[in-house]
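Engineer: Dropping a structure here in structure tokens format, bear with me for questions.
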Amino acid sequence: MAFNDYEAVIGLEIHVQLQTNSKIFSADSAAFGAADNENISPVSVGMPGTLPVLNERAVEFSVRTGLALNCAIRKHSVFARKQYFYPDLPKGYQISQFDQPICENGYLEFYVGNEKRKVSITRAHMEEDAGKSTHHGDYSLINLNRAGVPLLEIVSGPEMTSPQEAAEYAREMRKVVRYLGVCDGNLEEGSLRCDCNVSVKRKGETKLGTKVEIKNINSFRFIEKAIEYEIQRQIDCKETGEAIVQETRLYDPDKNRTFSMRSKEDAHDYRYFPDPDLLPLVLEQSYIDQMRSALPELPSVRADRFVKSLGLPEYDAQTLTQEKEIADYFEVAAQASGNPKASANWIMTDLMRELNDSKTEIGNSPVSAQSLAEMIQLIDKGTISGKIAKTVFAEMWTTQKDPASIVKEKGLTQITDTSAIEKMIDAIMTANPAQVAEYRSGKEKVFGYFVGQTMKASKGQASPEVVNELLKKKLKGE
Amino acid sequence: MLTKENVEKVAQLARLKLTEAELAAIQNQLSAVLENFEQIAQVDTKDVSPLVTPTEITQTLRADVAEVFSSERLLETAPEKSGNLFKVPPVV
Amino acid sequence: MELNTSSITSIAEAVKTKKISAVEVTSHFLARIDQHDKKINSFVSLNARALEEAASIDKRIAAGESVGALAGVPVAVKDLLCTEGLRTTACSKILENFVPPYSATVVEKLRAAGAVVLGKTSLDEFAMGSSNETSIFGSVKNTWNLYYVPVVSSGGSAEALAARLAPAAIGTDTGGSIRQPASFCGVYGIKPTYGRVSRYGIIAFASSLDQAGPMAHSTEDCAVLLEAMSGKDRLDATSASIEVPSWSKSLRKDLKGLRIGLPKEYFSEALDPDVARVTQEAIAALKAVGAEPVEISLPLVKYAVSIYYLIATSEASSNLARYDGVRFGYRSNFDENPAADLGEFYARNRGEAFGAEVKRRIMLGTYALSSGYYDAYYQKAGQVRRLLRDEFLQAFEKCDVILSPVTTSPAFKLGERISNPLEMYLNDIFTTSTNLAGLPGMSVPVGFSKLGLPIGVQLMAKHFDEQRIFDVSKALETAFKAGEKVPNGI
């Protein structure tokens with residue numbers, strides 16, 4: 090996408106809902122999908138005299154994410170009250186972090202096509218989610234199940250220049266938080282929320298244009314489309330001399346446009362101040378070190394390793410590292426089989442197809458990585474052919490038996506014994522004198538017929554290489 | 009001295025409906041209190057970090073264990089509700 | 016048994032040894048409330064289940080179960096502490112009908128120790144006021160002289176105690192609300208170290224200053240009550256994980272070598288002559304039992320009231336944002352008179368239900384935190400607060416306990432000062448600095464004014480060193496027995 094004389098400046102604020110059992114400051118459940126106001130407590134309803142107490146797992150998840158994003162972790166971070174009135178905000182303030190966030194100054198690396206990008210992470214701070222209001226004409230209803238669910242808000246630098254880059258950044262972020270096990274990354278359910286800050290300026294200008302925030306984007310595709318629309322809208326404004334207002338706009342996917350969220354509220358004055366109900370969060374270096382050593386290998390690093398030390402093509406490496414569980418599965422299979430490429434192929438084709446068709450998570454796959462590896466070894470040792478392996482795999486999927494027993498029970502072992510195959514070929518040649526004559530007169534196309542017949546006679550178990558070799562010899566009358 | 013506009017803006021921020029008489033009284037009283045506060049401007053506070061919690065208290069975090077509360081009892085105090093939801097006038 | 020003048024330890028002992036039943040004790044005080052509280056107005060709600068709770072204590076004793084140190088002791092609880100199933104109002108229209116589905120941790124702990132909640136006592140709306148005149152339930156009268164105020168927000172608790180309507184009472188103290196009414200009513204009252212007692216379930220005024228504490232007729236009674244109330248609470252991140260000593264059992268017999276710090280800034284000409292005289296009498300009595308007076312200096316205390324009002328109102332403006340009429344509390348009549356927008360919905364709920372003093376403080380706090388003023392007000396106040404706290408900590412290198420007046424003058428007349436809030440604020444000079452520094456502070460009755468109104472002195476110690484305060488309080492109690500005098504007509 091080209092913007093002629095203009096350049097876009099894009100920054101993303103991603104809210105990651107941390108997958109804890111209970112809320113960030115109280116013990117009510119943080120689970121998704123409960124009945125109306127089922128997951129509430131005196132604390133999350135903001136009842137008089139109730140107090141927040143910080144959830145240790147929310148801290149752990151935040152530190153883990155910060156480290157994965159190469160951030161500096163503050164040993165002394167402070168919770169502050171962000172004050173505004175809204176019916177789904179129970180206390181009249183949201184507990185967040187302001188000038189001393191838990192994570193600062195990191196970066197995220199990812200690919201846009203074949204090009205590697207590195208975008209800085211300005212900060213990542215912990216906060217509580219608000220509840221949800223639904224509007225019904227002459228009244229509104231408030232559900233506080235979500236109020237107090239822990240969030241980590243990750244703020245990028247304003248350094249992205251295209252809608253594609255922003256979408257890839259968001260995709261990579263989703264991959265990272267899923268790898269870390271801190272968030273399920275579900276955009277539709279809102280466990281990952283993405284606000285985009287967009288401005289445009291003339292090429293070469295150093296001064297940034299007026300920033301517009303776009304909210305309400307619930308898929309990666311829409312991130313791209315919403316930003317694309319917004320850039321064009323702002324360029325049009327510039328071209329026609331219309332002023333760009335600093336505001337929040339909502340994206341409407343049905344109309345594919347953004348529209349102003351006009352609010353009668355005056356300019357916000359959040360009156361941040363340190364929350365006296367919570368002590369500053371103090372983290373020891375040993376705790377941070379421990380979190381760092383427990384970090385899993387991140388997707389981009391892992392993909393690089395798959396290419397460099399396992400010799401996978403870039404495409405395979407990227408595909409296999411989309412999800413941590415798939416990459417884990419691959420590593421077990423590759424190591425046990427000693428054949429990374431064959432493991433990658435089987436996972437990316439047959440296994441993925443079966444998993445998708447049956448909507449099964451790879452963690453519950455009836456074919457374990459170990460069994461798959463054993464099967465690949467049977468192929469590599471020549472015990473079974475690649476073709477027979479398809480049958481064996483299907484059998485493994487339905488019966489969960491190990492490949493060696495399936496091969497044994499069904500007698501699927503490949504026949505490499507030349508004398509046995511020679512006998513079959515002799516019998517076939519005797520039964521088909523006309524075809525033999527045809528071949529010998531130069532019509533070599535009939536060769537395929539003999540291969541088919543031999544394989545059929547061997548019930549598919551003859552080694553195709555051996556069959557080819559022997560047939561050529563015998564047909565030529567050698 | 010605070011202006012009437014200052015005070016009105018604060019009332020708006022604090023979401024308090026005040027009568028003209030209340031506004032006038034608060035304008036005077038706040039001005040007096042703030043004037044009184046001016047004296048601490050003399051105290052040298054360079055490089056002093058503000059104190060919030062005055063005593064040394066060891067941090068304790070909460071284990072991530074979910075507990076169930078009776079949402080019915082928490083909804084009993086609602087001025088208005090619909091089913092199990094809090095009900096308010098339209099907010100958009 | 017003469018219940019009106021019995022200590023709580025002797026009541027608990029009598030109940031445990033079945034000399035008297037918990038039901039009889041509770042009935043006695045309920046009858047007194049019925050008889051006397053019409054003119055004093057100290058209770059705003061009575062616990063309908065008080066006798067039932069007392070009966071269950073008796074039952075446990077009959078069954079040979081062990082009961083706590085407060086077995087069968089009736090307590091009056093300030094209506095700022097949430098009590099499950101019992102209306103809790105903060106004496107505000109905004110919570111007039113609020114019945115909490117949970118109790119404050121302090122209330123749970125008192126009950127666990129065997130105490131029986133008699134009812135809820137009056138306070139200034141949201142504990143904001145310096146005269147106990149801002150309650151929606153009307154002002155509380157001073158038992159010693161009905162035309163005088165009991166002063167500040169735990170007034171109901173102090174008066175209930177002074178009138179012998181309860182042998183023990185619980186108050187809260189943000190800038191002096193336990194110590195001032197204790198002094199004006201001739202009873203003992205301690206604000207413990209910040210973090211000693213859980214704040215969970217106590218309707219917040221200013222979170223970094225608030226602490227609950229006991230009020231009673233003797234040093235030991237206060238100590239026993241505080242022992243039951245204290246300790247780490249998993250529901251309050253600012254409660255301290257520190258051991259709770261048995262103060263009541265460790266009281267010193269004499270004060271030999273104990274250094275009593277006297278801040279020279281506290282003894283100025285501005286002191287009322289009665290207050291000055293009583294304070295000097297207290298110092299002399301302590302010297303007589305071996306204590307050594309030491310002059311100390313706290314030059315920053317002159318700023319305490321200014322800092323206090325900035326910090327307390329800022330925190331309060333935020334703590335009171337939750338009273339919005341959405342989930343609980345007062346809601347204006349929008350059926351009759353619909354709101355034009357959401358802003359009006361809030362402004363009417365809050366504007367109609369908060370009283371003048373509360374609105375004034377919310378306004379001041381909102382202003383102090385607003386954009387462009389934060390650094391000059393809230394931040395600056397926090398910085399000076401640190402300097403002031405450190406000044407106290409340094410002073411405690413030279414002395415063990417600091418002694419000062421509680422207020423500049425004895426109780427004042429109802430309505431006398433409400434028109435001049437700034438003057439009322441200055442009365443808080445001795446008590447607010449204690450809260451700012453997080454120190455424990457206690458008011459101990461020592462003498463009387465010429466008009467016969469009680470006057471106490473304030474004792475302060477290092478963080479978590481309540482023991483020294485109780486030691487000195489006991490010495491003053493032995494010397495003056497000022498808490499034993501009962502007001503006329505009681």
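So the protein sequences, as listed, match chains A, B and C.
Per this note's numbering, the very first residue in the first sequence carries number 90; after that it's consecutive.
Per this note's numbering, the very first residue in the second sequence carries number 9; after that it's consecutive.
Per this note's numbering, the very first residue in the third sequence carries number 16; after that it's consecutive.
Note that the Cβ used here is the ideal one computed from N, Cα and C, for glycine as well.
Note that the structure is a prediction, hence the values are computed from the model and not measured.
Work out the CA separation of Ile217(C) and Asp356(C) for me, nearest whole Å.
Structural biologist: In this model, Asp356(C) and Ile217(C) are separated by some 32 Å (Cα to Cα).
Engineer: Residues of chain E with CB closer than 8 Å to the CB of Tyr228(A), please, in chain order.
Structural biologist: Of the protein chains in this structure, namely A, B and C, none is chain E.
Engineer: Check the Cβ-Cβ distances between Pro460(C) and every residue of chain B, and say whether any is below 9 Å.
Structural biologist: So no, Pro460(C) is outside the interface.
Engineer: Please report the straight-line C-alpha distance between Leu101(A) and Leu143(A), rounded to a whole angstrom.
Structural biologist: The alpha-carbon atoms of Leu101(A) and Leu143(A) are separated by roughly 27 Å.
Engineer: Comparing alpha-carbon positions, which option in Lys268(C), Asn442(C), Leu315(C) lies nearest Ala494(C)?
Structural biologist: Lys268(C)
Engineer: What are the complete beta strand (DSSP E) segments, minimum 3 residues, inside the stretch 196–267 of chain A?
Structural biologist: If we require 3 residues or more, the beta strand (DSSP E) runs fully inside the stretch 196–267 of chain A come out as 204–217, 221–224, 229–232, 239–245.
Engineer: Whose CA, out of Leu286(C), Ala183(C), Lys317(C), Ile275(C), lies closest to the CA of Leu451(C)?
Structural biologist: Lys317(C)
Engineer: When we look at the beta-carbon of Arg310(A) and count the other beta-carbons within 10 Å, is it buried (16 or more) or exposed?
Structural biologist: exposed
Engineer: When you compare only the Cα positions, how much space is there between Lys353(A) and Lys205(A)?
Structural biologist: Its pLDDT being 43, under 50, Lys353(A) is placed unreliably by the model, and the measurement read from it follows with that caveat. Each residue's Cα considered, the two are about 43 Å apart.
Engineer: Using 9 Å as the threshold, is the C-beta distance between Leu269(A) and Asn305(A) below it?
Structural biologist: no
Engineer: Using a Cβ-Cβ cut-off of less than 7 Å, list which residues of the stretch 206–224 of chain A approach chain B; keep chain order.
Structural biologist: Ser222, His224
Engineer: Could you tell me the distance, in whole angstroms, from the CA atom of Ala161(A) to the CA atom of Ile23(C)?
Structural biologist: The alpha-carbon atoms of Ala161(A) and Ile23(C) are separated by roughly 56 Å.
Engineer: Going by other Cβ atoms of all chains shown within 10 Å of its Cβ, with 16 needed for buried, is Leu408(C) buried or exposed?
Structural biologist: exposed
Engineer: If you draw a straight line from the alpha carbon of Ser137(C) to that of Gly210(C), how long is it in whole angstroms?
Structural biologist: 25 Å
Engineer: If you reduce the DSSP assignment to three classes, tell me which class Asp341(A) lands in.
Structural biologist: Asp341(A) falls in the strand class under three-state DSSP.
Engineer: Determine, using beta-carbon pairs with one atom in the stretch 478–494 of chain C and one in the stretch 199–208 of chain C, whether at least three such pairs fall under 8 Å.
Structural biologist: Per the Cβ contact rule, the stretch 478–494 of chain C is in contact with the stretch 199–208 of chain C (3 or more Cβ pairs under 8 Å).
Engineer: Quick check on DSSP: helix, strand or coil for Glu354(A)?
Structural biologist: With a pLDDT of 48 at Glu354(A), under the threshold of 50, the modelled position of this residue cannot be trusted, and the question is left open.
Engineer: Phe348(A): buried (16+ other C-beta within 10 angstroms of its C-beta) or exposed?
Structural biologist: exposed
Engineer: What is the C-beta distance between Gln183(A) and Glu216(A), in whole angstroms, given that I count them as a contact (C-beta under 8 Å)?
Structural biologist: The pair is a contact, with the Cβ atoms about 6 Å apart (cut-off 8 Å).
Engineer: Quick one: what's got a C-beta closer than 8 Å to Asp251(C)'s C-beta in the same chain, skipping five residues either side?
Structural biologist: Thr120, Ser213, Arg214, Tyr215
Engineer: Whole angstroms are fine: how far does the CA of Ile72(C) sit from the CA of Glu80(C)?
Structural biologist: Rounded to whole angstroms, Glu80(C) and Ile72(C) show a C-alpha spacing of 9 Å.
Engineer: Whole angstroms are fine: how far does the CA of Ser79(B) sit from the CA of Ile129(A)?
Structural biologist: C-alpha separation (whole angstroms): 6 Å.
Engineer: Tell me the DSSP secondary structure of Lys95(B) in three-state form.
Structural biologist: Lys95(B): strand per DSSP, three-state reduction.
Engineer: Taking 8 Å as the cut-off, is the CB of Asn56(C) close to at least one heavy atom of the ligand NAD?
Structural biologist: As presented, the structure is devoid of all ligands, the ligand NAD included, so that no description of it is given.
Engineer: By alpha-carbon positions, which one of Arg267(A), Ile473(A), Gln189(A) ends up nearest to Glu414(A)?
Structural biologist: Of the candidates Arg267(A), Ile473(A), Gln189(A), Arg267(A) places its Cα closest to the Cα of Glu414(A).
Engineer: Is there a Cβ of chain C sitting closer than 9 Å to that of Lys12(B), yes or no?
Structural biologist: no
Engineer: Counting only Cβ-Cβ distances shorter than 8 Å, please list the residues of the stretch 60–82 of chain B near chain A, keeping chain order.
Structural biologist: If the cut-off is 8 Å between Cβ atoms, the stretch 60–82 of chain B has Val60, Thr61, Ile65, Gln67, Thr68, Leu69, Arg70, Ala71, Asp72, Val73, Ala74, Glu75, Val76, Phe77, Ser79, Leu82 near chain A.
Engineer: Against chain B, does Ser332(C) count as a neighbour if the rule is that its beta carbon must be under 9 Å from one of theirs?
Structural biologist: yes
Engineer: Which value, in whole angstroms, describes the spacing of the CA atoms of Arg163(A) and Thr211(A)?
Structural biologist: 13 Å
Engineer: Would you please state the rounded distance, in angstroms, between the beta carbons of Ser332(C) and Thr381(C)? I believe it to be under 8 Å.
Structural biologist: That pair is a contact at about 5 Å.
Engineer: Assess, as a yes-or-no matter, whether the stretch 462–477 of chain A is touched by the stretch 438–449 of chain A under the definition of 3 or more beta carbon pairs within less than 8 Å.
Structural biologist: no
Engineer: In the DSSP assignment, find the unbroken alpha helix (DSSP H) run with Tyr209(C) in it and report its ends.
Structural biologist: Here Tyr209(C) belongs to no alpha helix (DSSP H), and DSSP marks it neither H nor E.
Engineer: Lys476(A) by DSSP, collapsed to three states: which one?
Structural biologist: helix
Engineer: Note the first and the last residue of the continuous beta strand (DSSP E) segment covering Ala91(C).
Structural biologist: 89–93
Engineer: Kindly list, in the order they appear in chain A, the residues whose Cβ is closer than 7 Å to that of Thr449(C).
Structural biologist: Residues of chain A with a Cβ closer than 7 Å to the Cβ of Thr449(C) do not exist, since the nearest Cβ in that chain sits about 17 Å away.
Engineer: Examine chain B for any beta-carbon lying closer than 9 Å to the beta-carbon of Arg267(A), and answer yes or no.
Structural biologist: no
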